[in-house]
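Protein sequence lines correspond, in order, to chains U and B.
Going by the working numbering, the letters in the first sequence line up with residues 1 to 239, in that order.
Going by the working numbering, the letters in the second sequence line up with residues 1 to 179, in that order.
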Amino acid sequence: VIQRPKPLENGRFSLYDAINRRRPEGAIFWMIVKTLRIKVHDLHLGYHSLITHKGRKPVCKQAVLGLFLSLFILGSALPAAAHGGAGTLQIAAEPVGAYQLNVWTTPEVLRPGEMLIAAVITTDVGAPVLNCHVTYFLRTLGSEERQERPATHVTVVTGFSYEAIFLIPDPGAYLIEIEIAAPDGAQTVTGFEVEITAVSKTTGLAIHTAVMATLVLCVWFVREALRFWLPRLVRHQTL
Amino acid sequence: MTSITQNKLSLLTKLNSTWHDKALWVLMVIIIGHWIEHLAQAYQIFILGWARATAGGGLGLLFPALAQSEVLHFAYNLALFLGILLLQPGFRGRAKWWWTVAAMIQSWHFIEHALLQLQWLTGYYLFGHTTQTSILQLWFPRVELHFMYNLLVFMPLMIGFYYYLYPPASESAERSPAA
C-alpha cells in the first residue's frame, strides 16, 4: 500500500517523507544516490552520518548534502503540479473523533470546470481509515443552494482517499463543506473556502489572436501547397 | 550488411534531395494539424469553459481516448523529432537556422514526453505524484505547458519553412537541389 506522506502542521512534508520519493527533491536525491552509488545507512540519522561512498569513507559529503538540501528547500517551495499532482492541501491533520483528516483539491489553480476533492482519514499512526461515510457539499458563499457529492474510493488519487468531482460553473468564492461519519460514531462537519478564478482577458485575447493567426497561416499554407502540388499532379496525369 | 547501410544512406540522401520537398510538405501538414488540435483544446478550456477532462481538441471529441493516450502523444513527438532531424540537412541558410532552433526545442519536448511515457509504462510516477508527470509540470499545468511547447516548436518550424520556400536573395543561389 502506497502511503501518502503525512503533512506537518504548516502543510509541508517532513525530511524523511521528502527523501522517501514523495517529493521532487526526494526523487532527485535518489537519482544522485543511485548515480554516485552512494550507500545510505539510515535516513533517521543526522545529516553528517547519512552518506558514505560504497560503505567506506565519506566522499563529497558536503557537496552532495548541499545539493540535496538546496533541492529540498527549492522543492518545498514549489507548488504541487496543477494537473494530476497532489493538489493543494486545504485541511491538514484536523481531528475527526479519534482520527485525523487531510483534504486536497486539484487542480492547483481552480478555474470554472472540474474540481477534484480528495480526503484522507488516518489514525494517529497514519494508517488509513476506509469505512467512514464522507459527503461533500459545494455552495457559493452567501447562497444556500448547494451541490452534494458522496465521496467514493475511486482511485483518482489513491485507493484509500475519499474523492468526489464537482463541476464549478462560474468564477467566485465557494464554500466546501465536508460531512464525515466516522466508524466510531463521531459526526463531524468541517469545511474550507476556495476561490475560483476566471481566465484573464489577456489569455482570452492571446488565444483569439492565435486562432486568427493560425487561420491566416492555414490559408497561406493551402495556397502554397496548391502552387507546389498542382503542377506536379498535372504533369503526372499528362504523362 | 554493406548493402543495408547503403540503402539507409541512400534513403537519407533522397530525403534531403529529390524527396525533400514532398517529405517536408507531408511533415508540415502533420505539424499544422497537431498545432490546430492543441489550439482547439486551449480554446475549449479557456474560451468555451469546458472541463479539462472533456477538452480533447477536435479529434478528442470524436475519439476521446485519443486525447488521453500517452502512447499517441509520445509517438507523435518521436515522429516529429525524427522528421525534423531527418530533413534538417536539406535546409540551407536562414531556413536551416530556424529549423535547428525548432530541433533544439523539440529535443527537450521529446525528453519530457519520454519521461511521461516511461512513467506510463512502468507505473512508477516521479515526484511522488499519482500520475505521469514531466519536469516542467512541477511549475505549469500540462495543457498550458504542452500548448507552449508546441507553439515554441511550431513557430520556428513555420519560419524555417517560409524561408525554405522563399529564401532571402543572398541565399537563392544556394537553394536546396530539390527546390
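Glycine included, every Cβ here is placed at the ideal spot set by N, Cα and C.
Keep in mind it's a predicted model, so treat the numbers as computed, not measured.
Please confirm if residue i has its CB atom under 7 Å from at least one CB of chain U.
{"i": "A169 (chain B)", "result": "no"}
{"i": "F74 (chain B)", "result": "no"}
{"i": "G160 (chain B)", "result": "no"}
{"i": "F154 (chain B)", "result": "no"}
{"i": "L39 (chain B)", "result": "yes"}
Verify the CB distance criterion: does residue i have a CB-CB separation below 7 Å to chain B?
{"i": "I121 (chain U)", "result": "no"}
{"i": "V199 (chain U)", "result": "yes"}
{"i": "T214 (chain U)", "result": "yes"}
{"i": "E25 (chain U)", "result": "Because E25 (chain U) sits at a pLDDT of 49, beneath the cut-off of 50, its placement in the model cannot be relied upon, and the point is left open."}
{"i": "H236 (chain U)", "result": "no"}
What does residue i touch in chain U if you count any residue whose Cβ is under 7 Å from its own?
{"i": "Y43 (chain B)", "result": "I207, V211"}
What span of residues does the alpha helix (DSSP H) with residue i cover, start to end?
{"i": "R149 (chain U)", "result": "Where R149 (chain U) is concerned, there is no enclosing alpha helix (DSSP H), although the beta strand (DSSP E) it sits in stretches over 146 to 150."}
{"i": "F74 (chain B)", "result": "70 to 87"}
{"i": "A213 (chain U)", "result": "201 to 238"}
{"i": "A143 (chain B)", "result": "The sequence shown places Val at residue 143 (chain B), not Ala. V143 (chain B) -> alpha helix (DSSP H) spans 142 to 165."}
{"i": "F110 (chain B)", "result": "93 to 122"}
{"i": "L62 (chain B)", "result": "57 to 62"}
Could you tell me the boundaries of the beta strand (DSSP E) in which residue i lies?
{"i": "Q44 (chain B)", "result": "Q44 (chain B) -> no beta strand (DSSP E), and no H or E assigned at all."}
{"i": "N16 (chain B)", "result": "Here N16 (chain B) belongs to no beta strand (DSSP E), and DSSP marks it neither H nor E."}
{"i": "H133 (chain U)", "result": "133 to 140"}
{"i": "L110 (chain U)", "result": "It is not in any beta strand (DSSP E) - L110 (chain U) carries neither H nor E in the DSSP assignment."}
{"i": "W128 (chain U)", "result": "Reading off the sequence shown, one finds Pro at residue 128 (chain U), where the question assumed Trp. Run containing P128 (chain U): none; DSSP gives neither H nor E here."}
{"i": "I168 (chain U)", "result": "162 to 168"}
{"i": "F192 (chain U)", "result": "187 to 196"}
{"i": "T88 (chain U)", "result": "88 to 96"}
{"i": "G172 (chain U)", "result": "172 to 181"}
Return the CA-CA distance between residue i and residue j, expressed in angstroms with no decimal places.
{"i": "Q106 (chain B)", "j": "L85 (chain B)", "result": "10 Å"}
{"i": "L59 (chain B)", "j": "V29 (chain B)", "result": "16 Å"}
{"i": "S10 (chain B)", "j": "A79 (chain B)", "result": "20 Å"}
{"i": "L165 (chain B)", "j": "L118 (chain B)", "result": "38 Å"}
{"i": "A198 (chain U)", "j": "I47 (chain B)", "result": "10 Å"}
{"i": "W220 (chain U)", "j": "W97 (chain B)", "result": "22 Å"}
{"i": "A206 (chain U)", "j": "A186 (chain U)", "result": "51 Å"}
{"i": "Q137 (chain B)", "j": "E144 (chain B)", "result": "9 Å"}
{"i": "G97 (chain U)", "j": "V134 (chain U)", "result": "14 Å"}
{"i": "Q132 (chain B)", "j": "W35 (chain B)", "result": "22 Å"}
{"i": "H129 (chain B)", "j": "L89 (chain U)", "result": "14 Å"}
{"i": "A181 (chain U)", "j": "W104 (chain U)", "result": "19 Å"}
{"i": "E177 (chain U)", "j": "D170 (chain U)", "result": "18 Å"}
{"i": "G204 (chain U)", "j": "L230 (chain U)", "result": "38 Å"}
{"i": "L110 (chain U)", "j": "E195 (chain U)", "result": "7 Å"}
{"i": "M104 (chain B)", "j": "G113 (chain U)", "result": "35 Å"}
{"i": "I45 (chain B)", "j": "L121 (chain B)", "result": "28 Å"}
{"i": "H236 (chain U)", "j": "P107 (chain U)", "result": "55 Å"}
{"i": "V211 (chain U)", "j": "Y43 (chain B)", "result": "9 Å"}
{"i": "W139 (chain B)", "j": "E112 (chain B)", "result": "14 Å"}
{"i": "S143 (chain U)", "j": "L175 (chain U)", "result": "10 Å"}
Cβ of residue i within 7 Å of Cβ of residue j?
{"i": "L91 (chain U)", "j": "F192 (chain U)", "result": "The sequence given here has Ile at residue 91 (chain U), not Leu. Against a cut-off of 7 Å, the Cβ pair of F192 (chain U) and I91 (chain U) comes out as a contact."}
{"i": "N16 (chain B)", "j": "G90 (chain B)", "result": "yes"}
{"i": "H109 (chain B)", "j": "Y162 (chain B)", "result": "no"}
{"i": "L141 (chain U)", "j": "A173 (chain U)", "result": "yes"}
{"i": "V153 (chain B)", "j": "A114 (chain B)", "result": "no"}
{"i": "L24 (chain B)", "j": "L87 (chain B)", "result": "yes"}
{"i": "L116 (chain B)", "j": "S134 (chain B)", "result": "yes"}
{"i": "L138 (chain U)", "j": "I121 (chain U)", "result": "no"}
{"i": "G160 (chain B)", "j": "W99 (chain B)", "result": "yes"}
{"i": "Y162 (chain U)", "j": "R149 (chain U)", "result": "no"}
{"i": "T202 (chain U)", "j": "L39 (chain B)", "result": "no"}
{"i": "G57 (chain B)", "j": "P64 (chain B)", "result": "no"}
Taking 6 Å as the cut-off, is the CB of residue i close to at least one heavy atom of the ligand NAP?
{"i": "I207 (chain U)", "result": "Ligands are entirely absent from the displayed structure, and the ligand NAP is therefore not among its contents."}
At a CB-CB cut-off below 7 Å, which residues of chain B make contact with residue i?
{"i": "T203 (chain U)", "result": "F46"}
Run through chain B and tell me which residues come within less than 8 Å of residue i, C-beta to C-beta.
{"i": "E224 (chain U)", "result": "L165"}
{"i": "F228 (chain U)", "result": "D21, W25"}
What does residue i reach in chain U if we use C-beta pairs closer than 8 Å?
{"i": "W35 (chain B)", "result": "T214"}
Just the chain B side, please: which residues come within less than 9 Å of residue i by C-beta, in chain order?
{"i": "L89 (chain U)", "result": "By Cβ distance, chain B contributes nothing, its closest Cβ being about 13 Å from L89 (chain U), past 9 Å."}
Below 9 Å on C-beta distance, what does residue i contact in chain U?
{"i": "I32 (chain B)", "result": "T214, L217, C218, F221"}
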